[in-house]
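Numbering (our numbering), first residue to last: 7 to 461. Glycine included, each C-beta is placed from N, C-alpha and C at the ideal position.
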Ligand code: S3P
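Printed below as a string of C-alpha cells:
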C-alpha cells in the first residue's frame with residue numbers, strides 16, 4: 007500500500023508525452039493471437055498488471071508467449087494453439103476485461119477453468135456474461151454465494167449459436183459472446199442499446215473472420231459472425247496509444263496554465279474518442295496531427311495547449327459508451343471549468359473497478375467542489391477562476407482511474423492532494439507518475455517524501 011501526493015505544477019506541462027499501448031487492444035491481441043493459426047508478433051503491447059494477467063492466464067492454458075528486445079522495441083510473440091484446461095485457478099487481479107473476455111474463450115473452447123481475482127473484481131457483475139454464455143451451453147458455478155468470483159467455468163467444444171439482446175452497451179459482454187461464437191455452428195449475433203468500443207470486430211477482421219456490423223432494428227447496434235472458421239494470424243499487430251490513458255496528461259495540460267504537450271499516435275477510434283469531443287465543446291485547444299491508421303485503428307498525434315478556462319456543458323447519455331472510462335477525469339476538468347457540467351446516464355459507473363459515481367462525487371466534495379448525484383446523472387459546479395481547495399486524502403478504492411484523476415487535480419489545487427493507493431495505477435498506466443514528473447508535475451510517493459524529509 008503506497009500513497010502518493012500531488013503538489014501544484016509550477017510552470018505548466020511541456021514536451022512529448024509517450025502514452026502506453028491501448029489496454030483493450032492489448033488484451034485482445036494476446037487472446038486472438040492465442041486462438042489463431044500461426045505466430046503473431048505484437049509491438050507496443052501495454053505491459054500493465056491487467057494485461058499481464060491475461061498473458062499469464064493464456065500461458066496457464068498452454069499457450070506459448072515469449073518476449074524479445076528488437077531494434078523496434080519489445081515484441082511479444084504468441085504462438086497460437088489449442089487451449090487446455092489449466093491445473094490451477096486463473097488469477098486475474100483487478101481486470102474486468104480479462105475476466106469477461108476469457109470467460110467467453112473458456113466457454114467456447116471446451117476448457118474447464120476456475121477464474122479468480124482481487125476483492126474489487128470478485129464483486130463485479132459476471133451475470134452479464136454468464137447468462138448469455140449459459141444459453142450457448144457453458145456451465146458456471148460460483149464458489150461463494152455473495153461474490154461473483156471465484157467462478158468455475160465448464161466450456162463446450164461446440165457452443166450453440168445465439169442472438170442476444172444485451173441490456174447494456176458493453177464491449178466486454180459483446181466480445182465474450184462473439185469469442186464463444188467462433189466455434190458455434192451458425193451465426194452468433196449481439197445487439198446492444200448503444201455502440202460500445204469495436205476493437206473486437208476490427209481485430210477479428212484482421213484475423214480473417216468476417217463480422218457484420220450495423221444499426222440494430224429498433225435502435226442500438228449489432229455485430230454478428232458465423233462460427234466454425236479458424237482464425238489466421240496477420241503476423242504482426244501494432245498497438246496504438248490508449249486514449250483513456252492519454253486523457254490524464256491531456257486534461258492536466260488543459261487545466262495547467264502555460265502547458266503544451268504532444269501525445270503521439272493515440273487511437274482516435276470513434277467508439278473511444280468521446281472525451282476529446284466533449285473537451286473541445288468545453289473550449290479546449292486540441293489539435294489532431296498526422297492522422298493515419300495503425301493496427302487497424304485510426305490514430306493521431308494530439309497537440310494540447312492550455313488556453314482560456316474551460317466552460318461547463320451537458321454531456322448527453324449517448325456519449326457514455328464512447329467515453330465510459332473517462333468520466334473521472336472529465337469531472338476533474340469540470341471542477342475547474344466555468345459553470346455547471348451535467349453528465350447524464352452514468353449508471354454503469356457504479357459497477358466499474360470501484361463505484362466511480364460515488365468516488366468522484368465524494369472526492370470532489372472533499373476538495374471543496376460542489377458536486378451532486380441526481381439519479382444516474384453527475385453534476386459538477388465548476389469553480390472557474392476560484393481555485394479548488396484540495397488538502398485531502400482520497401480513498402481510491404484501489405481504482406486506477408480515480409487515483410490518476412485526483413493526482414491530476416492535485417496539480418492545480420491550493421493545497422496538495424494525496425491518494426491512498428498509488429499502486430493501483432499499475433493496472434493501466436505503470437509509467438504515469440514518472441512521465442508526469444518529467445513534464446513538470448510534482449507527484450511523490452510516500453516513500454520518496456519520507457526520504458526527502460530525512461525520515
Ligand atoms: C473494455 C470495455 C469497457 C471499459 C473497460 C475495457 C474492453 O467496459 O470500461 O475498461 O476492453 O472491452 P464495458 O464495455 O463493459 O463498459
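Item                                                                                                                : Value
For residue 235: DSSP bridge partner residues                                                                       : None, per the DSSP bridge assignment.
Top-ranked residue by Cα proximity to residue 363, from 384, 348 and 373                                            : 384
Backbone CA spacing between residue 263 and residue 343 [nearest angstrom]                                          : 13 Å
Residue 347 and residue 373 closer than 9 Å at C-beta                                                               : no
For residue 247, the nearest candidate out of 15, 7, 228 and 31 (CA to CA)                                          : 31
Backbone CA spacing between residue 74 and residue 53 [nearest angstrom]                                            : 13 Å
DSSP-derived helix/strand/coil call for residue 22                                                                  : strand
Reference residue 310, options 289, 322, 302 and 304, closest by Cα                                                 : 289
Cα-Cα separation between residue 365 and residue 241, rounded to whole angstroms                                    : 42 Å
Those runs of the alpha helix (DSSP H) which lie wholly inside the region 54-96 and span at least 4 residues        : 55-66
Cβ distance (whole Å) where residue 400 is taken to contact residue 10 below 8 Å                                    : With a Cβ gap of about 10 Å, residue 400 and residue 10 do not count as contacting.
Closer than 8 Å: residue 48 CB and nearest the ligand S3P heavy atom                                                : no
Which listed residue (50, 107, 45 and 159) has its alpha carbon closest to that of residue 95                       : 159
Residue 104 beta carbon less than 9 Å from that of residue 60                                                       : yes
Assumed close pair residue 133, residue 165 - CB separation to whole angstroms, cut-off 8 Å                         : The Cβ separation is near 18 Å, so there is no contact.
Per-residue DSSP class, three states only, for residue 230                                                          : strand
Exposure label - residue 77; buried when at least 16 CB within 10 Å                                                 : exposed
Distance cut-off 8 Å: residue 95 Cβ against heavy atoms of the ligand S3P                                           : no
Residue 115 classed as buried or exposed, judged by whether at least 16 other C-beta atoms fall within 10 angstroms : buried
Exposure label - residue 445; buried when at least 16 CB within 10 Å                                                : buried
Segment limits, beta strand (DSSP E) that includes residue 397                                                      : 396-400
Proximity of residue 435 and residue 24 at Cβ, strictly below 9 Å                                                   : no
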